[in-house]
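First to last, the protein sequences are chains L and F.
The opening position of the first sequence corresponds to residue 1 in this note's numbering, with each subsequent residue numbered one higher.
The opening position of the second sequence corresponds to residue 1001 in this note's numbering, with each subsequent residue numbered one higher.
In this text, a Cβ means the ideal position worked out from N, Cα and C, and glycines have one as well.
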Amino acid sequence: MLRVDGLTVRYGPVQALSDVSFDARDGVITTVLGANGAGKTTLLRTLSGLVRSTAGRVSFDGVPITGRDPETISRMGIAHIPEGRGVISELTVDENLRLGTLHRLRRAERRGAMEEIYERFPQLGERRNRSASTLSGGERQILVIGRALVSRPRLLLLDEPSLGLAPLVTAQIMATIEELTSGAGLSAILVEQNARGALSVAHWAVVLNLGRVVIADEPSRLGADAELRRHYLGF
Amino acid sequence: MGLFVNILLSGIVQGMVFAAIALGLVLISRATGVVNFAQGAMGMFTTFIAFTLLTHGLGYWPAFVATLAIGFVFGALVERTLIRPLQGKPALNPVIVTIGLLIVLEGAAGSIWGNVARGFPAAFSQRGLVIGTTRVAFSHFDVFIVIAVAALVVGIVALFRWTDLGLRMRAAAFAPEVSRLLGIRVGRLFTLGWALAAAAGALAGLLVAPLSSFSPYYMDLNLVFGFTAAVLGGLVSPIGALIGGLVTGLAISFVGGYIGPDLEPLAALVLLLIVLMLRPQGLLGAAEARRV
């Protein structure tokens, strides 16, 4: 599905990613873990085209996407949900959601796709004509996830979806991501500081430290390694 | 009473013209966060192009439409060649560039067409209408000004509010990075914003020129009034630009009519000062920090 090969990113003198390689397989959740500054956000921003890599290749379904602009990558079906404020507060909930339908759906499909999201997340449906600025933190996170899903993406890039949310909301979001990827056709790369939660839903885990891949393995084996947990995962 | 009505009517007409200039400033400020000091000069330049078209025998309405189209393309070119390369640079850079563009355009117009004041034809009669038995300071052309600018504002509001293109433009203006991640080609929409703004400026130029005389500098003072109107309206909303334009037009019309025309620019600056002190976000704008 997504193949990352020798990806290197430099911000001036700072080496943010060094020779990062991994595969995100079809229909599963791959989680990328690591401490602050490990390069997790930079990795996602590079995959979605916001940051230019200095070396390395990324391919999506065998098509090289290195160096493409974010608009093109998004239209290919990679939905990047950035950390924190992805909601456009100046627009209504409905307008935010509509933005997700503009490029990958036919005109006739758009309303139906939005209704599906409103059914799945009733808290959005009830507030569809309100300004997005009136939503709580959890509702905002659900709105950006809904806005990504409504475009019927093939791959979700999730940057800390649980950041700053109550445990109950986090659980709902994790369960939604797990459910969506268990069906056909959707994969996810999940970046988290909350390593315990991420490992519990992921099928494959990549641990980054200072821009390098420390280890990539099955979540159960990583969770069982006490030293690794203490050094890189913080639990 | 007659004086009051005439001052009121001419204030409305001037206000609509300022609204058209303010609308251009708002469109650009929304799209790219830049205050376009060349907004008036660009309208001046396209009006000179219209003047050339008219003197070469083109009819008024073909020249009118052609001028709006030329303004549209001109705005797009300015964004692509002068403003786009400054993206991500300090906010002062595009401000300096638009001031430079203002100076270049006025110089170029002076050397091409000469620094003389000329008359410009109006689309309709400029004789005041007769209401009952009295003639008021409100002509067929003034009616046209009010309708043209109102149509422009309604058109822009409808575009923003009810079309996918307008939704894209708003998203791109409020959250460019998030918009790009949603597949919206933000750069093109910024170009479109400048193009629409320049077309609004071209319209303003064509509407102002017949009211007095026109020369390379005839839009300078109108830009000051248009800027006042835009700030009054909050620099973000087309409706705000319209209201700001009308308030500014009426204010300077009353000051000019009852106190003296020399005080009109001063009145605009006082109005600007009062608004910035009491309501810096403008009459309709939401409170937020703004870089000029």
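Inset, instruction - Using a Cβ cut-off of 8 Å (strictly closer), state whether residue 1288/F contacts chain L. - result: The sequence position of residue 1288/F within the second sequence is 288, counting from 1. Low local confidence applies: a pLDDT of 45 at residue 1288/F is under 50, so the model's placement there is unreliable, with the coordinate-based value given in what follows. For residue 1288/F, the answer is no, since every Cβ of chain L falls outside 8 Å of its Cβ.
Inset, instruction - Name the residue from 1193/F, 1051/F and 1247/F whose alpha carbon lies nearest to the alpha carbon of residue 1215/F. - result: One-based indexing of the second sequence puts residue 1215/F at position 215. Checked all of 1193/F, 1051/F and 1247/F; the closest Cα to residue 1215/F is 1051/F.
Legend entry - Proximal residues of chain F, C-beta to C-beta of residue 88/L below 7 Å: By 1-based counting over the first sequence, the position of residue 88/L is 88. Those within 7 Å of residue 88/L in chain F are 1171, 1174, 1175 and 1178.
Legend entry - Three-pair Cβ contact test at 8 Å for the segment 78-95 of chain L versus the segment 123-132 of chain L: yes
Legend entry - Partner residues on chain L for residue 1164/F, Cβ-Cβ distance less than 7 Å: To locate residue 1164/F, count along the second sequence from 1; it is residue 164. Those within 7 Å of residue 1164/F in chain L are 102.
Inset, instruction - Tell me where the beta strand (DSSP E) around residue 1187/F begins and ends. - result: To locate residue 1187/F, count along the second sequence from 1; it is residue 187. Not the beta strand (DSSP E): residue 1187/F falls in the alpha helix (DSSP H), residues 1186-1208.
Inset, instruction - Consider the Cβ of residue 1192/F: report whether some Cβ of chain L lies at a distance smaller than 8 Å. - result: Walking along the second sequence from the start, residue 1192/F turns up at place 192. Not an interface residue.
Legend entry - Delimiting residues of the beta strand (DSSP E) encompassing residue 192/L: Residue mapping note: residue 192/L aligns to position 192 of the first sequence, counting from 1. Taken as a continuous stretch (DSSP letters only), the beta strand (DSSP E) holding residue 192/L covers 187-192.
Legend entry - residue 1004/F classed as buried or exposed, judged by whether at least 16 other C-beta atoms fall within 10 angstroms: Locating residue 1004/F in the second sequence gives position 4, where the first residue counts as 1. Classification of residue 1004/F: exposed, given that the 10 Å Cβ count is below 16.
Legend entry - Assigned secondary structure, residue 203/L (DSSP; H/G/I helix, E/B strand, else coil): Within the first sequence, residue 203/L is the residue found at index 203, counting from 1. The answer is coil: DSSP assigns residue 203/L none of H, G, I, E or B.
Inset, instruction - Can you grab the Cα-Cα spacing for the pair residue 89/L / residue 1163/F, in whole Å? - result: Indexing the first sequence from 1 puts residue 89/L at position 89. Indexing the second sequence from 1 puts residue 1163/F at position 163. Going by the C-alpha atoms only, they are around 19 Å apart.
Inset, instruction - To the nearest angstrom, report how far apart residue 1139/F and residue 1159/F are at their CA atoms. - result: The sequence position of residue 1139/F within the second sequence is 139, counting from 1. The sequence position of residue 1159/F within the second sequence is 159, counting from 1. Their Cα atoms are separated by approximately 30 Å.
Inset, instruction - Determine the extent of the beta strand (DSSP E) in which residue 225/L is found, giving its start and end residues. - result: The count along the first sequence starts at 1 and reaches residue 225/L at position 225. Segment: none, residue 225/L is in no beta strand (DSSP E) and carries neither H nor E.
Legend entry - Any chain L beta carbon closer than 8 Å to residue 1080/F: Counting from 1 along the second sequence, the entry for residue 1080/F is found at position 80. No, because no Cβ of chain L sits closer than 8 Å to the Cβ of residue 1080/F.
Inset, instruction - Go ahead and pull the three-state DSSP assignment for residue 1244/F. - result: Within the second sequence, the letter at position 244 stands for residue 1244/F. DSSP places residue 1244/F in helix when its eight states are reduced to three.
Legend entry - Contact set for residue 1247/F: own chain, Cβ-Cβ below 8 Å, skip 5 residues either direction: Here residue 1247/F refers to the residue found at position 247 when the second sequence is read from its first residue. Cβ within range, chain order: 1015, 1229, 1232, 1271 and 1283.
Inset, instruction - Could you tell me whether the segment 1250-1267 of chain F touches the segment 1008-1022 of chain F, where touching means 3 or more Cβ pairs closer than 8 Å? - result: yes
Inset, instruction - Output the distance between the C-alpha atoms of residue 1176/F and residue 209/L, rounded to the nearest integer angstrom. - result: Stepping through the second sequence from its first residue, residue 1176/F is reached at position 176. Stepping through the first sequence from its first residue, residue 209/L is reached at position 209. C-alpha separation (whole angstroms): 30 Å.
Legend entry - Backbone CA spacing between residue 81/L and residue 1086/F [nearest angstrom]: The residue labelled residue 81/L in the question sits at position 81 within the first sequence. The residue labelled residue 1086/F in the question sits at position 86 within the second sequence. The alpha-carbon atoms of residue 81/L and residue 1086/F are separated by roughly 28 Å.
Legend entry - C-beta neighbour in chain F for residue 98/L, strict 8 Å: Position 98 of the first sequence, counted from the first residue, corresponds to residue 98/L. Residue 98/L counts as touching chain F.
Legend entry - Between the CA atoms of residue 140/L and residue 1116/F - distance to the nearest angstrom: For the purposes of this step, residue 1116/F is taken as residue 116 along the second sequence, with counting starting at 1. For the purposes of this step, residue 140/L is taken as residue 140 along the first sequence, with counting starting at 1. Cα to Cα, residue 1116/F sits roughly 59 Å from residue 140/L.
Legend entry - Members of the segment 64-83 of chain L that neighbour chain F once the beta carbon cut-off is set at 7 Å: 70, 71, 74, 75, 80 and 82
Inset, instruction - Would you mind giving the Cβ-Cβ distance between residue 1078/F and residue 1194/F, rounded to the nearest angstrom? I have them listed as a contact below 8 Å. - result: On the second sequence, residue 1078/F is found 78 positions in, with the first residue counted as 1. On the second sequence, residue 1194/F is found 194 positions in, with the first residue counted as 1. Confirmed, about 6 Å.
Legend entry - For residue 1028/F, three-class secondary structure by DSSP: As a working note, residue 1028/F is residue 28 in the second sequence. Helix, per DSSP.
Inset, instruction - Please work out which residues of its chain come closer than 7 Å, Cβ to Cβ, to residue 1280/F, disregarding the five sequence neighbours upstream and downstream, and give them in chain order. - result: What you label residue 1280/F is simply residue 280 of the second sequence in a count that begins at 1. The answer is none, since no qualifying residue turns up.
Legend entry - Own chain, CB closer than 7 Å to residue 1002/F, minus 5 neighbours either side, in chain order: Numbered from 1 along the second sequence, position 2 holds the residue referred to as residue 1002/F. Around residue 1002/F: 1134.
Inset, instruction - For residue 1189/F, decide whether its Cβ has a neighbour in chain L, counting only Cβ atoms nearer than 8 Å. - result: If you number the second sequence from 1, residue 1189/F lands on position 189. No, residue 1189/F lies away from the interface with chain L (no Cβ there is under 8 Å from its Cβ).
Legend entry - Residue span of the beta strand (DSSP E) that contains residue 1138/F, given as start and end: Translated into positions along the second sequence, residue 1138/F becomes position 138. From DSSP, the beta strand (DSSP E) with residue 1138/F extends over 1134-1139.
Inset, instruction - State yes or no: is the beta carbon of residue 1168/F nearer than 8 Å to at least one beta carbon in chain L? - result: Locating residue 1168/F in the second sequence gives position 168, where the first residue counts as 1. Interface residue, yes.
Inset, instruction - Assign residue 3/L to one of three DSSP states: helix, strand, or coil. - result: For the purposes of this step, residue 3/L is taken as residue 3 along the first sequence, with counting starting at 1. Of the three classes helix, strand and coil, the one that applies to residue 3/L here is strand, per DSSP.
Inset, instruction - For residue 20/L, count neighbouring C-beta atoms within 10 Å of its own C-beta (all shown protein chains included) and say buried if the count is 16 or more, exposed if not. - result: Sequence index remark: in the first sequence, residue 20/L carries index 20 (1-based). Classification for residue 20/L: buried.
Inset, instruction - Go ahead and pull the three-state DSSP assignment for residue 14/L. - result: Taking the first sequence and counting its residues from 1, one reaches residue 14/L at position 14. Strand at residue 14/L.
Inset, instruction - Give me the Cβ distance between residue 46/L and residue 9/L, rounded to the nearest whole Å; I'm assuming they're in contact under 8 Å. - result: The count along the first sequence starts at 1 and reaches residue 46/L at position 46. The count along the first sequence starts at 1 and reaches residue 9/L at position 9. Right, their Cβ atoms sit about 6 Å apart.
Inset, instruction - Check whether the Cβ of residue 1252/F lies closer than 8 Å to any Cβ atom in chain L. - result: Here residue 1252/F refers to the residue found at position 252 of the second sequence. No, residue 1252/F lies away from the interface with chain L (no Cβ there is under 8 Å from its Cβ).
Inset, instruction - Could you tell me the distance, in whole angstroms, from the CA atom of residue 1063/F to the CA atom of residue 76/L? - result: Start at 1 with the first residue of the second sequence, and residue 1063/F comes out as number 63. Start at 1 with the first residue of the first sequence, and residue 76/L comes out as number 76. Rounded to whole angstroms, residue 1063/F to residue 76/L spans 44 Å at the Cα level.
Legend entry - Proximity test, Cβ basis, 8 Å: residue 1033/F and chain L: Numbered from 1 along the second sequence, position 33 holds the residue referred to as residue 1033/F. False, the Cβ-Cβ gap to chain L never drops below 8 Å.
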